[in-house]
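S.K.: Heads up: the sequence shown runs through residues 36 to 481, numbered per the numbering used here.
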Amino acid sequence: MTGSRRRTSSRRPCGREDRSPRARKPHPVAARAGANAADVRPMSGVAGVLVAAGRGSRMGGDKLWTELWGRPIWRWSLDALLVAPGLTRVAVVVPAGEVERYRDRLPPAADRCLLVEGGETRSASVHAGLLGLSDAGASSDTLVLVHDAARPAVDTSLIEAVLDAARETGAAIPVLSVADTLKRLSDGLVEATVSRDSLGAAQTPQAASLGILLAALDAAGARGGEPTDEAAALTAIGVPVRAVAGDPANRKLTEDGDLPVLRAILRERSVVALDASAVGARAGIGFDAHRLEFGVPLKMGGLVFPDEPRGLAGHSDGDVALHAVIDALLGAAHLGDVGTHFAEGDEHWSGADSGELLRLAVERMRDAGFRPGTVDLTIVAARPAIARAREAMERRIAELTGLPAGSVSVKGTTSDGLGFAGTEGIATYAVASVEPFADASPTDGP
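Shown next as structure tokens:
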């Protein structure tokens, strides 16, 4: 591997370090793999590296963000890794400068995900992911699954087969037998027919211990070459790599023609989508209340009320109406509540626009196979007069949730001066329905 690599810690990008082969010594974890890297030792624990730092030059655009059944391609791949037996952590290697973009679409198991900025090449990105795992506490003996984010249809049985073979041999990859007759070409002309008996097409995930993978990639960097995959780097230093039977459905998204095939495979395999279809529509209830205080603007229902002397206190912008809507939608989809996804203790959400929180909540519902159906909101407040803002509030909530305006209802009432909502604050109640997204036409992807 040549050139410098970027390295990040979990969740936020850090500064650059010189990781060129001449400048760096072998990483301590790689050094602990032993002078003879082919000397396979017992392994402990399982971790993953999801390589999502590529740009998809053949398809054009950002192929990993292509949505299939409500989820971007890379999320399908990540979700598949997260259910691997014994897996404790996944380093998601993303393009430089895109850590926050990816963090916003992490699954509910985000505490098991480590976001790392990648490098200029695939091997540099894998190396960065391995270092991230090491910094997070993985040992040299941790068994690591390295998987291309562009292979969203990998299933658990293939992952288990790779893990079993790696534990037995030291390293393993899935390989598909070659069915087509192969030709060697020269200047566009057929030069010879190549025997396919000893050939196979490599897939991911590929597995080996963290220490040996680091040693193999460091050695490749010292040679000045760029291995095409982990198996190439491993075999170059004498590590035996076991081949297990690959899966034709574990297709890589490379060209536009791959999308219809992957869409069909993922619909068939999506346990989440099938579960959503089975239960049909669901309903949820949300409630929130915030105290009023001087010196802050009043934001409610996605609108600003500039003439009000007091605004709502809160960790975000205090929009009590949108918070109740978020709770109702997330509850209907069985995804927790506002605090589950946007915790008060997380400074990332301090002062956040509640409209953006609602958008993110809807995205996470889609990830789980649901979309909003209806929203009914009741605001209990002495002021402002909700009737004057009702229609504008309905339009704004419809815009944020992707619903038609006729599917959102906003009502206002008072407590006749009694209690908290009469003098001290504003309370809101929301009822929302959600529908299974898997029944929708796939208009969310090309």
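We put the beta carbon where it would ideally sit given N, CA and C, even for glycine.
Express the C-alpha separation of V339 and L294 in angstroms, rounding to a whole number.
M.R.: When rounded, the distance between both Cα atoms is 43 Å.
S.K.: Quick one: complete alpha helix (DSSP H) runs, 4+ long, within the stretch 332-401?
M.R.: Complete alpha helix (DSSP H) runs here, min 4: 355-367, 373-376.
S.K.: Between which two residues does the alpha helix (DSSP H) containing L327 stretch?
M.R.: Counting along the chain, L327 falls outside any alpha helix (DSSP H), though it belongs to the beta strand (DSSP E) covering 317-329.
S.K.: Looking at the secondary structure, which residues open and close the beta strand (DSSP E) in which D411 lies?
M.R.: Note, D411: beta strand (DSSP E), 405-415.
S.K.: Applying the criterion that 16 or more other CB atoms from any shown protein chain within 10 Å of the CB defines a buried residue, is F377 buried or exposed?
M.R.: Buried is the call here.
S.K.: Given that a residue counts as buried once 16 or more other Cβ atoms are within 10 Å of its Cβ, and exposed if not, what is F329?
M.R.: The residue is exposed, with fewer than 16 neighbouring Cβ atoms inside 10 Å.
S.K.: Comparing C-alpha positions only, which one of I108, D215, V225 sits nearest to Y137?
M.R.: Taking only the C-alpha atoms, the option nearest Y137 is I108.
S.K.: For the alpha helix (DSSP H) that contains E114, what are its first and last residues?
M.R.: At residue 114 the sequence reads Asp, which differs from the Glu that was named. Unbroken alpha helix (DSSP H) run through D114: 108-117.
S.K.: Does the stretch 210-218 come close enough to the stretch 171-184 to have 3 or more Cβ pairs within less than 8 Å?
M.R.: Counting Cβ pairs under 8 Å, fewer than three are found: no touch.
S.K.: Which residues in the same chain as T204 place their Cβ atom closer than 7 Å to its Cβ, once the five residues preceding and following it in sequence are excluded?
M.R.: For T204, where only same-chain residues beyond five positions count, the Cβ hits under 7 Å are P275, R277.
S.K.: Mind pulling the beta strand (DSSP E) runs of 3 or more residues that sit fully within the stretch 170-235?
M.R.: Entirely contained in the stretch 170-235, the beta strand (DSSP E) runs reaching 3 residues are, in chain order, 178-183, 206-212, 217-221, 224-229.
S.K.: Which word fits P283, buried or exposed, when buried means at least 16 other C-beta atoms lie within 10 angstroms of its C-beta?
M.R.: Per the 10 Å Cβ criterion, exposed.
S.K.: Roughly how many whole angstroms lie between the Cα atoms of A126 and L249?
M.R.: The straight-line gap from Cα to Cα measures roughly 14 Å.
S.K.: Please name the residue in V415, T436, D170, A467 whose C-alpha comes closest to that of E459.
M.R.: Per the Cα distances, V415.
S.K.: Taking the alpha-carbon of T482 as reference, which of A417, R423, G454 has the nearest alpha-carbon?
M.R.: There is no way to answer for residue 482, as the model of the chain reaches only from 36 to 481.
S.K.: In this structure, does DSSP put G164 in helix, strand or coil?
M.R.: The answer is helix: DSSP assigns G164 an H, G or I state.
S.K.: Between the alpha carbons of M335 and L435, how many angstroms are there, rounded?
M.R.: Their backbone Cα atoms lie some 13 Å apart in a straight line.
S.K.: Below 8 Å, can you find three or more Cβ-Cβ pairs linking the stretch 97-108 to the stretch 397-404?
M.R.: Yes, since at least three Cβ pairs between the stretch 97-108 and the stretch 397-404 fall closer than 8 Å, the two stretches touch.
S.K.: Between V151 and the rest of its own chain, which residues show a CB-CB distance below 6 Å, the 5 nearest in sequence each way excluded?
M.R.: Excluding positions up to five away in sequence, the list reads T43, A126, V128, A163, G164, G167.
S.K.: Answer yes if the stretch 388-398 comes into contact with the stretch 362-376, meaning at least three C-beta pairs across the two stretches below 8 Å, and no otherwise.
M.R.: Yes, the stretch 362-376 is in contact with the stretch 388-398.
S.K.: When burial is assigned at 16 or more other CB atoms within 10 Å of the CB, is T289 buried or exposed?
M.R.: Classification for T289: exposed.
S.K.: Who are the near neighbours of V197 in its chain, counting only those whose CB is closer than 8 Å to its CB and skipping five residues on each side?
M.R.: Only L180, A207, I208, P209, P240, Q241, A242, V279 meet the Cβ criterion.
S.K.: What are the residues that DSSP puts in a beta bridge with I421?
M.R.: For I421, which the question treats as bridged, DSSP gives no partner whatsoever.
S.K.: For I300 versus A188, is the C-beta distance shorter than 7 Å?
M.R.: In contact: I300 and A188 (Cβ atoms closer than 7 Å).
S.K.: Can you look up G454 in the DSSP assignment and give me helix, strand or coil?
M.R.: G454 falls in the coil class under three-state DSSP.
S.K.: Can you give me the C-alpha to C-alpha distance between V86 and M400, rounded to a whole angstrom?
M.R.: So the two alpha carbons sit approximately 25 Å from each other.
S.K.: Excluding five sequence neighbours on each side, which residues of the same chain lie with their C-beta closer than 6 Å to the C-beta of A268?
M.R.: Excluding sequence neighbours, A268 sits near A251, L252, A255, P262.
S.K.: Report yes if the C-beta distance between A348 and T463 is below 7 Å; otherwise report no.
M.R.: No, they are not a contact pair.
S.K.: Kindly indicate the opening and closing residues of the alpha helix (DSSP H) around T156.
M.R.: From DSSP, T156 is part of no alpha helix (DSSP H); its letter is neither H nor E.
S.K.: Assuming G235 and S221 make a contact with CB atoms under 8 Å, what is their CB distance in whole Å?
M.R.: With a Cβ gap of about 24 Å, G235 and S221 do not count as contacting.
S.K.: Specify the secondary structure class of P262 as computed by DSSP and reduced to three states.
M.R.: Coil at P262, not helix or strand.
S.K.: Work out the CA separation of W384 and S244 for me, nearest whole Å.
M.R.: If I take the Cα positions, the gap works out to 37 Å.
S.K.: Exposed or buried, V134, counting other C-beta atoms within 10 Å across all chains shown (16 or more means buried)?
M.R.: So V134 ends up on the buried side.
S.K.: State the start and end residues of the unbroken alpha helix (DSSP H) segment that holds R138.
M.R.: From DSSP, the alpha helix (DSSP H) with R138 extends over 134-138.
S.K.: How would you label G319, buried or exposed, when you count the other beta carbons within 10 angstroms and need 16 or more for buried?
M.R.: Its Cβ being crowded by 16 or more others within 10 Å, G319 is buried.
S.K.: State the DSSP-derived secondary structure class of R124, mapped to helix, strand or coil.
M.R.: Correct three-state label for R124: strand.
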